[in-house]
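To start, the structure itself, in structure tokens.
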Amino acid sequence: MATEQPRLDADSNITNDAFNSSSSNFGEPEIPDRIKCIVPISVRPSLIDPKNTGLFVDKAVSAGDILLKVEKPLFAIVEETPMRETTCDNCFAYQGMEELLGTVSTAKKDIETAIPFNKCGSCRVFYYCNKKCREEAWEHHHKYECLILVNFLATVNLAKHFIERTDFRFALRFLCMARAGRLTKELMRDFYLAPIGNLRDFVPSMEASYRRLSLNMKLLAMSPVHEDEVLQILCFAVHQSIEMFQPFICQFNRRDTSYENTSSLRSIVRGK
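Each residue of the sequence shown is one higher than the one before, starting from 1 at the first, in our numbering.
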């Protein structure tokens, strides 16, 4: 199973306006085009938190029914090592050596693929199944984050620890792409309208820790946004992650993370 990340149209005039705008400026929430609804679904005020919105199934469904498919994730982030080293940062193909099974791969068979995948020659953080995927990822997002990652790994003692965190890599990619003017109005609307909750829902010390991290990430990414906006992005990462499973291809289920406005830990998908 592989996935393709959407191309983002550059608009350098939007970034600051989007971060400084109220979510109400983006209009009513709607299901984005990248979401394919298998059954009728509507967007309405959440029954749990009326200030937020939820997805409601408008017909009877049974347990196990597929309700929707995310065809092109908003942001898709490879999981931590060792999966990070055996998964393509662009198409999410997996390839590795498994006990008793030998080489297990979801990479396309008509291309020349290295085992293990080739890593980025500069930051050495992300891996690619072939040249085409490396070039596509570079144009889509990696050229905005690569040098930042290089400098971070060279100067910060705990850099390798942070690099393994999917929320850190997501937030850093978000900030780098925002700084480069690569976020559309539609994407920013999705970000602002997503229910992000409160970090204190987890442990009391988490909010203070994430606030310190937010300031450091702002400086790291040389982002023009305020650290409060960085904290909002990190809250989004905590509450809006969707596990992307690739079952039955190795001894353990493959798992990566997608960040979407269509899911949260507050279970916003409900039967009518």
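Ideal Cβ positions, reconstructed from N, Cα and C, are used throughout, including at glycine. Treat the numbers as computed from the prediction; the structure is a model and nothing was measured.
| Asked | Found |
| --- | --- |
| If distances are taken between C-alpha atoms only, which option among A137, Y210 and C123 comes closest to F75? | A137 |
| Quick one: what's got a C-beta closer than 6 Å to R124's C-beta in the same chain, skipping five residues either side? | none |
| Are the beta-carbon atoms belonging to I233 and F168 less than 7 Å from one another? | no |
| Could you check if I77 is buried or exposed, using at least 16 other CB atoms within 10 Å of its CB as the buried criterion? | buried |
| Using the Cα positions of I41 and C129, report the straight-line distance between them to the nearest angstrom. | 36 Å |
| So, is T81 buried or exposed, given that buried needs 16 or more other C-beta atoms within 10 angstroms? | exposed |
| In the structure shown, what three-state DSSP assignment does S205 receive? | coil |
| With which residues is N90 paired in a DSSP beta bridge? | Per DSSP, none; premise fails for N90. |
| By a C-beta neighbour count over all protein chains shown, 10 Å radius and 16 as the cutoff for buried, is S214 buried or exposed? | buried |
| Taking Cβ to Cβ, would you say L158 is nearer than 7 Å to A221? | no |
| Counting C-beta neighbours from all protein chains within 10 Å, is the total for A178 16 or more, i.e. buried, or is it exposed? | buried |
| Considering only DSSP beta bridges, list what R44 is partnered with. | G54 |
| Going by C-alpha distance, which of G181, A180, E164 and R182 is nearest E331? | The displayed coordinates of the chain run from 1 to 272. Any statement about residue 331 would go beyond what the structure contains. |
| Looking at the unbroken beta strand (DSSP E) that takes in K36, where does it start and where does it end? | I35 to C37 |
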